[in-house]
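Undergrad: In order, the protein sequence lines correspond to chains A and B. According to the working numbering, the first sequence is numbered sequentially starting from 673. According to the working numbering, the second sequence is numbered sequentially starting from 673. Glycine included, C-beta positions come from ideal geometry on N, C-alpha and C. Got a structure here, written out as structure tokens. Questions coming.
Number of protein chains: 2
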Amino acid sequence: MSEPKAKFAPLYREPAYLKVYRAIEENIIEGGLSDGEALPIEAQLCEQFQVTRSTVREGLRLLEQSGLIVRGSHKKFIVKRPNASDVAAAASRSLALGGVTFSEVWETLAIYYPQAARLAATRLNDESLAALNAVWRALDANAGEDHDKTVACAVEFFQSLAKGLDNRVMLAMLQSLNMMIGESLRQVIGKAPNARTRILNAQKNILDAFSARDEGLAEEWMAKHIADLKRGYVVAKVEMDKSIL
Amino acid sequence: MSEPKAKFAPLYREPAYLKVYRAIEENIIEGGLSDGEALPIEAQLCEQFQVTRSTVREGLRLLEQSGLIVRGSHKKFIVKRPNASDVAAAASRSLALGGVTFSEVWETLAIYYPQAARLAATRLNDESLAALNAVWRALDANAGEDHDKTVACAVEFFQSLAKGLDNRVMLAMLQSLNMMIGESLRQVIGKAPNARTRILNAQKNILDAFSARDEGLAEEWMAKHIADLKRGYVVAKVEMDKSIL
DNA sequence: AATAAACCTATTGTCGGACAATACTATTAT
DNA sequence: ATAATAGTATTGTCCGACAATAGGTTTATT
């Protein structure tokens with residue numbers, strides 16, 4: 673019988689815990705369980721799916737890690753649709769783990785952020801502008817040599833910018849870039865002279881361009897800011913082709 | 673005793689399955705377990721961590737969902753550092769789940785892709801150009817009314833472009849945009865007249881600009897291409913503020 | 001009556017053992 | 001040598017039990 677009469681595709685026999693995961697995921701996507709709603713307790717899930725708690729719990733771990741459920745009060749799980757920040761955090765973490773280099777990050781900043789600044793010049797509302805100003809003043813006030821604070825403020829500037837664009841797709845992408853900026857800035861901030869002052873000036877110029885609603889200027893200063901950040905790496909003698917981790 | 677003498681931060685008592693997850697994750701990051709290497713079997717992990725299989729398995733589910741391990745032969749887990757495509761798939765899925773709209777996606781395309789095209793004009797090597805050409809010819813050959821194929825080809829063009837940029841950060845971002853493009857193109861392709869022809873022409877122009885190494889032209893045609901895609905939505909009367917799902 | 005202390009209870013976290021299902025290996029038969 | 005068979009290691013699932021704990025509820029205290 674080396675010539676079977678008919679060929680069948682192998683049946684997909686996925687483990688029960690995966691089915692549990694998919695079933696709940698599906699339910700969340702379809703809207704049966706809406707944001708903030710509590711999941712049934714484990715015992716009830718066992719009852720409904722007709723599997724044991726061990727199996728249900730493995731499925732819950734999958735949901736947990738995929739960010740679709742989070743712990744509410746008393747350890748109960750509540751449904752949570754992922755937001756841009758969650759996406760960004762997961763993405764930048766994975767990219768970093770994957771070993772992306774300084775130059776890859778920098779290059780992306782260089783082609784993405786100037787355009788984002790251009791958009792920001794027309795789109796940022798007064799509230800966002802005020803927030804950006806506050807961040808800038810915080811950096812200005814932090815005159816000392818507290819490098820961590822400097823990095824935090826510098827990154828926060830980009831974060832506020834990204835938030836003000838009112839676009840979740842961009843927010844996710846820019847935020848994940850921001851996290852990687854922070855990661856790498858931390859490594860050069862101590863070695864680059866006048867880093868804080870240079871950042872302060874650059875962000876001031878960008879801010880002024882935003883306030884004046886001048887797209888061209890915003891793009892230009894942002895481009896210079898990014899270029900200057902890159903110079904920081906060179907001055908600090910950081911190997912640009914090394915992983916950011 | 674309403675005046676405690678000292679205040680202590682609450683102790684972090686995280687469940688054992690989380691510790692298992694973190695321990696293995698740590699080991700992967702630190703390089704103890706390198707890419708492609710097999711994880712010890714569950715029984716050995718129990719032995720090492722001194723917990724039961726249920727606990728170990730919950731930890732494994734976390735690792736599984738985070739994409740750090742995948743199944744090898746005989747269901748054994750092997751370590752896998754996430755690559756750009758994995759990141760992109762997870763990110764676009766989460767963003768879609770989060771309810772991002774057509775206009776958010778389109779706006780991001782509009783400010784990101786023209787610049788990417790500019791970079792591509794100088795960076796794409798002959799191999800990448802050939803690949804792009806092949807994708808274009810596939811779309812050209814698909815003269816019929818097979819909309820799925822048309823969408824697949826159109827998206828594949830963007831995919832090839834992204835791959836040719838030789839930058840994993842950009843690749844991840846562009847790929848996740850591409851997936852969302854595909855998702856939304858599918859919804860308009862049938863309703864927009866001459867969609868295939870318009871895409872074909874636009875991509876031809878972009879391709880020619882790449883071949884000529886003309887950055888300006890590449891950016892210009894890409895911008896037109898994206899604008900044209902947006903017009904497709906208008907013509908197809910798609911509500912731009914609706915979720916892409 | 002308001003507050004604190006003690007108790008109760010529902011739920012999760014972990015354990016240990018058991019067995020079926022299955023994919024890889026070694027052995028035997030042709 | 002090839003094919004069929006049996007054996008083995010490992011995962012998937014089940015069951016039942018109990019400890020730990022976050023909340024809620026009652027009781028005691030001033």
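Checking contacts by CB at 8 angstroms: is residue 712 (chain A) closer than that to chain B?
TA: Not one chain B Cβ lies under 8 angstroms of residue 712 (chain A).
Undergrad: Quick check: what's the CA-CA separation for residue 901 (chain A) versus residue 909 (chain A)?
TA: Rounded to the nearest angstrom, the two C-alpha atoms are 13 angstroms apart.
Undergrad: To the nearest angstrom, how far is it from the Cα of residue 771 (chain B) to the Cα of residue 865 (chain A)?
TA: Going from the Cα of residue 771 (chain B) to the Cα of residue 865 (chain A) covers about 44 angstroms.
Undergrad: If the criterion is Cβ atoms closer than 8 angstroms, does the pair residue 777 (chain B) and residue 707 (chain B) meet it?
TA: Contact: no.
Undergrad: Could you give the uninterrupted runs of the alpha helix (DSSP H) lying entirely in the stretch 781-849 of chain B, keeping only those of 4 residues or more?
TA: As far as the stretch 781-849 of chain B is concerned, its whole alpha helix (DSSP H) runs of at least 4 residues are 798-813 and 819-836.
Undergrad: Is the beta carbon of residue 761 (chain B) less than 8 angstroms from the beta carbon of residue 852 (chain B)?
TA: No, the pair does not count as a contact, with Cβ atoms beyond the cut-off.
Undergrad: Which word fits residue 700 (chain A), buried or exposed, when buried means at least 16 other C-beta atoms lie within 10 angstroms of its C-beta?
TA: So residue 700 (chain A) ends up on the buried side.
Undergrad: Apart from the five residues just before and just after residue 826 (chain B), which ones in its own chain have a Cβ nearer than 6 angstroms to its Cβ?
TA: So the list reads 871, once near-sequence residues are dropped.
Undergrad: Quick check: residue 848 (chain B) and residue 916 (chain B), are their CB atoms within less than 8 angstroms of each other?
TA: No; because the gap between Cβ atoms is not below 8 angstroms, this pair is not in contact.
Undergrad: How many angstroms separate the CA atom of residue 911 (chain B) from the CA atom of residue 859 (chain B)?
TA: About 11 angstroms.
Undergrad: Would DSSP call residue 773 (chain B) helix, strand or coil?
TA: Strand.
Undergrad: Where residue 873 (chain A) and residue 886 (chain B) are concerned, what is the direct C-alpha to C-alpha distance, given to the nearest angstrom?
TA: If I take the Cα positions, the gap works out to 35 angstroms.
Undergrad: At the 8 angstroms Cβ level, is residue 886 (chain A) part of the contact set with chain B, yes or no?
TA: No, no contact with chain B.
Undergrad: Got a sec? Which residues, its chain only, sit under 8 angstroms from residue 755 (chain B) by beta carbon, not counting five neighbours each side?
TA: Result list for residue 755 (chain B): 840, in chain order.
Undergrad: Near residue 743 (chain A), what residues of its chain come up, given a Cβ to Cβ distance below 8 angstroms and the 5 sequence neighbours on each side ignored?
TA: So the list reads 749 and 750, once near-sequence residues are dropped.
Undergrad: Is residue 701 (chain A) close to chain B, meaning its C-beta is less than 8 angstroms from at least one C-beta of that chain?
TA: By this cut-off, residue 701 (chain A) is an interface position.
Undergrad: For residue 735 (chain B) and residue 723 (chain A), what's the separation of their Cα atoms in angstroms?
TA: Straight-line Cα distance between these residues: approximately 22 angstroms.
Undergrad: Please state whether DSSP places residue 723 (chain A) in a helix, a strand or coil.
TA: Of the three classes helix, strand and coil, the one that applies to residue 723 (chain A) here is coil, per DSSP.
Undergrad: Please classify residue 835 (chain B) as buried or exposed, where buried requires at least 16 neighbouring CB atoms within 10 angstroms.
TA: Per the 10 Å Cβ criterion, buried.
Undergrad: Under 8 angstroms between the Cβ atoms of residue 931 (chain B) and residue 789 (chain B)?
TA: The structure shown does not extend to residue 931 (chain B), since chain B is modelled only from 673 through 917, so no value can be given for it.
Undergrad: To the nearest angstrom, report how far apart residue 676 (chain B) and residue 687 (chain B) are at their CA atoms.
TA: Interpretation of residue 676 (chain B) is limited by its pLDDT of 41, a score under 50 that renders its predicted location unreliable; the figure taken from the coordinates is listed afterwards. Between residue 676 (chain B) and residue 687 (chain B), the C-alpha separation is close to 29 angstroms.
Undergrad: Hey, how far is the Cα of residue 731 (chain B) from the Cα of residue 737 (chain A)?
TA: Going from the Cα of residue 731 (chain B) to the Cα of residue 737 (chain A) covers about 10 angstroms.
Undergrad: Cβ of residue 819 (chain B) within 8 angstroms of Cβ of residue 861 (chain B)?
TA: Taking 8 angstroms as the Cβ cut-off, residue 819 (chain B) and residue 861 (chain B) qualify as a contacting pair.
Undergrad: Compare the C-alpha of residue 795 (chain A) against each of A:766, A:815 and A:832 and name the closest.
TA: Here the closest residue by C-alpha is A:832.
Undergrad: Which residues in chain B sit within 8 angstroms of residue 905 (chain A), going by Cβ to Cβ distance?
TA: Going along chain B, no residue has its Cβ under 8 angstroms from residue 905 (chain A), so there is no contact; the nearest lies around 15 angstroms.
Undergrad: Give a yes or no on whether 8 angstroms exceeds the smallest Cβ distance from residue 759 (chain B) to chain A.
TA: For residue 759 (chain B), the answer is yes, since a Cβ of chain A falls inside 8 angstroms of its Cβ.
Undergrad: For residue 714 (chain A), which residues in the same chain have their Cβ closer than 8 angstroms to its Cβ, ignoring the five residues on either side in sequence?
TA: Excluding positions up to five away in sequence, the list reads 725, 728, 729 and 732.
Undergrad: Which runs of the alpha helix (DSSP H) spanning at least 4 residues fall entirely within the stretch 722-758 of chain A, listed in chain order?
TA: Correct list: 725-737.
Undergrad: Opposite residue 915 (chain A) in the DSSP bridges: which residues?
TA: Partner(s): A:773.
Undergrad: Shorter than 8 angstroms from the beta carbon of residue 686 (chain A) to some beta carbon of chain B?
TA: It does not; no Cβ of chain B falls within 8 angstroms.
Undergrad: Establish whether the CB of residue 783 (chain B) and some CB of chain A are separated by less than 8 angstroms.
TA: With 8 angstroms as the cut-off, residue 783 (chain B) counts as an interface residue toward chain A.
Undergrad: To which residues of the same chain is residue 810 (chain B) closer than 7 angstroms at the C-beta, ignoring the five residues directly before and after it?
TA: So the list reads 825, once near-sequence residues are dropped.
Undergrad: Residue 768 (chain A) to residue 879 (chain A), Cα distance in whole Å?
TA: Those two C-alpha atoms are separated by around 30 angstroms.
Undergrad: Under a CB-based cut-off of 8 angstroms, is residue 769 (chain A) close to chain B?
TA: Cβ-Cβ to chain B under 8 angstroms: yes for residue 769 (chain A).
Undergrad: On a Cα-Cα basis, can you pick out the residue from A:696, A:844 and A:692 that is closest to residue 758 (chain A)?
TA: Ranking A:696, A:844 and A:692 by Cα distance to residue 758 (chain A) puts A:844 first.
Undergrad: Any Cβ of chain B within less than 8 angstroms of the Cβ of residue 827 (chain A)?
TA: Judged by the 8 angstroms Cβ criterion, residue 827 (chain A) is not in contact with chain B.
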